Amino acid sequence: MRSYTKVDKLKIAHTNKYNIFGCIVREGPINRAAIAKRTDLSLPTVMAITGELLEKSAVCSIGKGDFGAGKPPEMFEVNPDFFYVMGVDLGRTEIRIIINDATFRQRLCYKEPTGYPFPEEAFICRLGHIIKDLIGSLNSGQARILGAGIAMPGLIERETGRVIISPDFGWKDIPLQSRLQELLPFPALVRNSNHALALNESALENGSDDNHVSFCVNLGYGIGAALIIGEELYAGAKGTGGELGHSVVEKGGPFCKCGNSGCLEAVASGEAIARQAAVIAAHHGDSRIAELCGRDISKLEARMVFEAAEAGDEGARKIISNAADYIGIGLSTAVNILDPDRVILCGGLMRNGPFFFEKIRAGMEEHVMPCSGRKLKLTVGKGGEYGTAQGVCRAFLNSFWSEQLLPI
Ligand SMILES: [Zn+2]
178 MRSYTKVDKL KIAHTNKYNI FGCIVREGPI NRAAIAKRTD LSLPTVMAIT GELLEKSAVC
238 SIGKGDFGAG KPPEMFEVNP DFFYVMGVDL GRTEIRIIIN DATFRQRLCY KEPTGYPFPE
298 EAFICRLGHI IKDLIGSLNS GQARILGAGI AMPGLIERET GRVIISPDFG WKDIPLQSRL
358 QELLPFPALV RNSNHALALN ESALENGSDD NHVSFCVNLG YGIGAALIIG EELYAGAKGT
418 GGELGHSVVE KGGPFCKCGN SGCLEAVASG EAIARQAAVI AAHHGDSRIA ELCGRDISKL
478 EARMVFEAAE AGDEGARKII SNAADYIGIG LSTAVNILDP DRVILCGGLM RNGPFFFEKI
538 RAGMEEHVMP CSGRKLKLTV GKGGEYGTAQ GVCRAFLNSF WSEQLLPI
């Protein structure tokens, strides 16, 4: 006897609701006919499901759209307070946290010094308290937190959110995601900071254009990078790709905290710039660098070296110029291999004026292989100091939607 595949009506109903709700979240304000076209569902199905979503306050009607001739259609968008998502950026110097509403508008931002993140267990408990206090202060009424994305510098195991190694934090083999999962009343997802930052920068530059290839470089205390193709991160076979900072640019160069020597990070990061400037400050007490750190080299930061360079300090200018040259060399290698449409430079070092950016551009153009037709754009990131937190929010939502979960 001929057999037929049994149709799982519940599953189809869930998928239809998921597609329609997802369409309104991502593309709203949008009308019913446009939803039907985008999701390939019939108008009666769209009408029934939007009715249910309205009843549950998951979406709201924002009035009639103006489409010229004919009866103006009713427009829908997600109810901003229907759900919130949290993004946590664990930086070496600061913890930065944002909470976004369902329309991805930032509703809260908060930061405090990271301090010394030891012992790990105490730090994780402290983070759990900070997150819970923020949610308490949000006074979000009925809105619920879907979950939190946590951005962490270092190698992160993608499947489990375990920190394999974080030289910035001095952590090794820490099950950060599962520990936070135990402490928080909602799901947590741990991702690499550079990957999170790149997701945000690429979205700000390219929107949902799925043809763009962006290489995003984070130039801060350390140096990291990530490749974004369309809206997706490409992180390699094990999810740990993008370690531009640990590519060797100087044979026999300074020791790097990854265990290698001569890495780009060891000669051109914020930490490396401050370390080189400390030598000048220690030997030349009358230098501008020594003056800016109050003659206490333990207080020396990269931004002071930039300030001294701006004021005409020759030693500082040389350090900055060398760092930019090395970054240019690193970028030229990445561009030759990846052939991106755009290279986006982000991070604290890029907040120091056009001199550094133009030196990097010159260094990259000097070393990159000539290629006719290449229209590479070199730009500075737009995400600001909460860009990584925003990016890890995006990463959490991408993961949430990819599992066809519904917050209803
Ligand atoms: Zn290294």
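Those letters in the sequence shown? Residues 178 to 585, by this note's numbering. Just so it is clear, CB atoms sit at the ideal spot from N, CA and C, and this is done for glycine as well. The model shown is predicted, which means the values in this text are computed figures rather than measured ones.
Item, Value
"Around ligand 1, Cβ to any heavy atom closer than 5 Å, ordered along the chain", "H423, C433, C435, N437 and C440"
"V569 beta carbon less than 8 Å from that of D217", "no"
"Expected contact under 8 Å - CB spacing of G522 and V444 to nearest Å", "Contrary to the premise, residue 522 reads as Leu rather than Gly in this sequence. The Cβ separation is near 17 Å, so there is no contact."
"For N377, the three-state DSSP class (helix, strand or coil)", "helix"
"Beta-carbon proximity check, F281 vs I207, cutoff 8 Å", "no"
"Proximity winner among F577, P517 and I585, relative to L366 (alpha-carbon distances)", "F577"
"Short Cβ contact (8 Å threshold) for V223 with A213", "yes"
"Residues near P364 by beta carbon distance below 6 Å, same chain, minus five either side", "G324"
"Cβ-based burial, E289 [other Cβ within 10 Å; buried from 16]", "exposed"
"Cβ-based neighbour list, A375, same chain, cut-off 6 Å, excluding 5 preceding and 5 following", "C393, A403 and I405"
"Where I326 falls: helix, strand or coil (DSSP)", "A small correction: the amino acid at residue 326 is Gly; Ile does not occupy that position in the sequence shown. G326: strand per DSSP, three-state reduction."
"C-alpha distance - G247 paired with S391, whole-angstrom precision", "42 Å"
"Near ligand 3: N575 beta-carbon under 7 Å from a heavy atom", "The ligand content of the structure shown is limited to ligand 1, which means ligand 3 is not among them."
"Cβ contact (3+ pairs, closer than 8 Å) linking the stretch 529-538 and the stretch 484-502", "yes"
"Of the listed residues G471, S424 and G401, nearest to G447 (C-alpha basis)", "G401"
"Contact check, G422 vs E442, beta carbons under 8 Å", "yes"
"Check whether P294 and F346 have beta carbons under 8 Å apart", "yes"
"Within 8 Å, strictly: CB atoms of S370 and T565", "yes"
"Coarse secondary structure for P296, derived from DSSP in three states", "coil"
"The stretch 482-497 contacting the stretch 429-439, beta-carbon criterion three pairs below 8 Å", "no"
"Local conformation of T280 per DSSP, three classes", "coil"
"N- and C-terminal bounds of the beta strand (DSSP E) containing I405", "I400 to I406"
"Three-state class that DSSP yields for K129 in the structure shown", "Residue 129 cannot be examined here, being either before or after the span of the chain that is shown, 178 to 585."
"Rounded C-alpha distance that separates G505 from L396", "12 Å"
"Bridge partner(s) assigned by DSSP for Y411", "L404"
"Alpha-carbon to alpha-carbon, Y195 and A211", "16 Å"
"Exposure label - S464; buried when at least 16 CB within 10 Å", "buried"
"Burial state of E128, where buried means 16 or more other Cβ atoms lie within 10 Å", "Past the edges of the chain, shown from 178 to 585, lies residue 128, and the structure says nothing about it."
"Where Y261 falls: helix, strand or coil (DSSP)", "strand"
"Cβ shell of R472 (< 8 Å), same chain only, five flanking positions each side left out", "A458 and G462"
"Residues of its chain near I466, where Cβ-Cβ distance is below 8 Å and the 5 sequence neighbours each way are ignored", "A454, I457, A458, L477, M481, V482, A485, D490, G492 and A493"
"Buried or exposed by the 16-neighbour rule on C-beta atoms within 10 Å, applied to R571", "buried"
"Terminal residues of the beta strand (DSSP E) in which I506 lies", "Looking at the DSSP string, I506 is not in any beta strand (DSSP E); the run it does join, the alpha helix (DSSP H), is E491 to L515."
"Per-residue DSSP class, three states only, for A539", "helix"
"Whole-angstrom distance between S379 and A412, CA atom to CA atom", "15 Å"
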